[in-house]
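*Asks:* Just passing along the structure, written as structure tokens.
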Amino acid sequence: MEFRPRLPAEGINVSHTHPLREAFVLVGGVLAVTALFMVLSALAIDLIVPHIPPHWEARIFAGLWAGSNEEDLDQETRQQRQAVQALLDRLAAHWPEAPYRFRVSILDQPTPNALAFPGGLIGVTSGLLEQVESENELAFVLAHELGHFRHRDHLRSLGRGLVLGFVLTLATGSSQLLQLAPMLAERSFARKQERESDGFGLELVYREYGHVAAANDFFQRITEPGLPLARELEGYLSTHPVSETRVADLWTLAQQRGWPLRGEPLPFSY
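Numbered according to our numbering, the sequence shown spans residues 1 to 270.
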């Protein structure tokens, strides 16, 4: 049989699939794998966090306490920290099973906010101290943060922030995004976490004062449309979203437990 060389058929190396379709399939596959990784990571974090010994947590994150040394503060900030610390100690005394001693750090930020950090550190901004109208209001904010420690929400949030930072690092090739993990951890907690922390915090406030009137006043002032405080507290609301349902759940709990919604608030001074 005689061999007769000939040119290959036209289009032999051309895919029969449209390139855009291939791109969509590839991108969709990557997104699906990424989403699955993040979901599985979140589930793993929820399973692991409850089993992390508190003393491990305190030792690992001990460096956070360095920023709250008394000698590094000016006189006014030192007085603020001492007053807030004394209030926090009184509230924590109503939680005998507390895993460690909690410490306050005053953050020089005008945006009113309070944040729970791993290891027992609670950051309170100077802006929040300027906005609270009573000791009771500040007590509820601090007690709410203790509630996040009670349910270890701070560790869950940090873990998810690290996962998200890792994914962004892989996507962009920039390892600097991992440094955003602490900031990502400050994102708003889920509604369930906020509700559970509200309940725990409200109980501590009741044990300290015999009523929960301040929490009622605080939420009324930050949720009423058009009030200046609602605008001032945008930072707090971004990390601690308040909804009508959340407020209703809070007052339902108070009524079920028989905690008075009326009482005389105490002035906060330092």
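By construction, the Cβ of each residue, glycine as well, lies at the ideal position given by its N, Cα and C atoms. Keep in mind the model is a prediction, meaning the values are calculated, not measured.
In chain order, what residues of the same chain lie with their CB nearer than 7 Å to the CB of residue 27, ignoring the 5 residues before and after it?
*Replies:* The sequence position of residue 27 within the sequence shown is 27, counting from 1. Same-chain partners within the cutoff: there are none.
*Asks:* Counting C-beta neighbours from all protein chains within 10 Å, is the total for residue 48 16 or more, i.e. buried, or is it exposed?
*Replies:* Start at 1 with the first residue of the sequence shown, and residue 48 comes out as number 48. So residue 48 ends up on the exposed side.
*Asks:* Helix, strand or coil for residue 122, going by three-state DSSP, please let me know.
*Replies:* Here residue 122 corresponds to residue number 122 of the sequence shown, with the count starting at 1. Residue state, collapsed to three classes: strand.
*Asks:* Cβ of residue 170 within 8 Å of Cβ of residue 254?
*Replies:* Translated into positions along the sequence shown, residue 170 becomes position 170. Translated into positions along the sequence shown, residue 254 becomes position 254. In this structure, residue 254 does not lie closer than 8 Å to residue 170 by Cβ.
*Asks:* Mind reading off the beta-carbon distance from residue 139 to residue 208? Whole number of angstroms is fine, and I expect it under 8 Å.
*Replies:* Residue mapping note: residue 139 aligns to position 139 of the sequence shown, counting from 1. Residue mapping note: residue 208 aligns to position 208 of the sequence shown, counting from 1. At roughly 6 Å, the Cβ-Cβ gap stays under 8 Å, so residue 139 and residue 208 are in contact.
*Asks:* In this structure, what does DSSP give as the bridge partners for residue 114?
*Replies:* Stepping through the sequence shown from its first residue, residue 114 is reached at position 114. Residue 114 pairs with 124.
*Asks:* Please check the pair residue 88 and residue 122, which I expect to be a contact at CB under 8 Å, by giving their CB distance rounded to whole angstroms.
*Replies:* Position 88 of the sequence shown holds residue 88. Position 122 of the sequence shown holds residue 122. Right, the Cβ-Cβ distance comes to about 7 Å (below 8 Å), so this counts as a contact.
*Asks:* Name the DSSP bridge partner or partners of residue 103?
*Replies:* Start at 1 with the first residue of the sequence shown, and residue 103 comes out as number 103. In DSSP, residue 103 forms a bridge with 121.
*Asks:* So which of 101, 128 and 131 has the shortest CA-CA distance to residue 55?
*Replies:* Here residue 55 corresponds to residue number 55 of the sequence shown, with the count starting at 1. Comparing Cα positions, the closest option is 101.
*Asks:* Could you check what DSSP says for residue 41 in three-state terms: helix, strand or coil?
*Replies:* To locate residue 41, count along the sequence shown from 1; it is residue 41. Three-state result, residue 41: helix.
*Asks:* Report the rounded CA-to-CA distance for residue 206 versus residue 32, giving the unit in angstroms.
*Replies:* Position 206 of the sequence shown, counting from 1, holds the residue named residue 206. Position 32 of the sequence shown, counting from 1, holds the residue named residue 32. The straight-line gap from Cα to Cα measures roughly 47 Å.
*Asks:* If you drop the 5 nearest sequence neighbours on each side, which residues of the same chain put their C-beta closer than 7 Å to that of residue 94?
*Replies:* Within the sequence shown, residue 94 is the residue found at index 94, counting from 1. Excluding positions up to five away in sequence, the list reads 204, 207 and 208.
*Asks:* Taking 8 Å as the threshold (C-beta atoms), are residue 197 and residue 154 in contact?
*Replies:* The residue labelled residue 154 in the question sits at position 154 within the sequence shown. The residue labelled residue 197 in the question sits at position 197 within the sequence shown. Result no, Cβ atoms of residue 154 and residue 197 do not sit closer than 8 Å.
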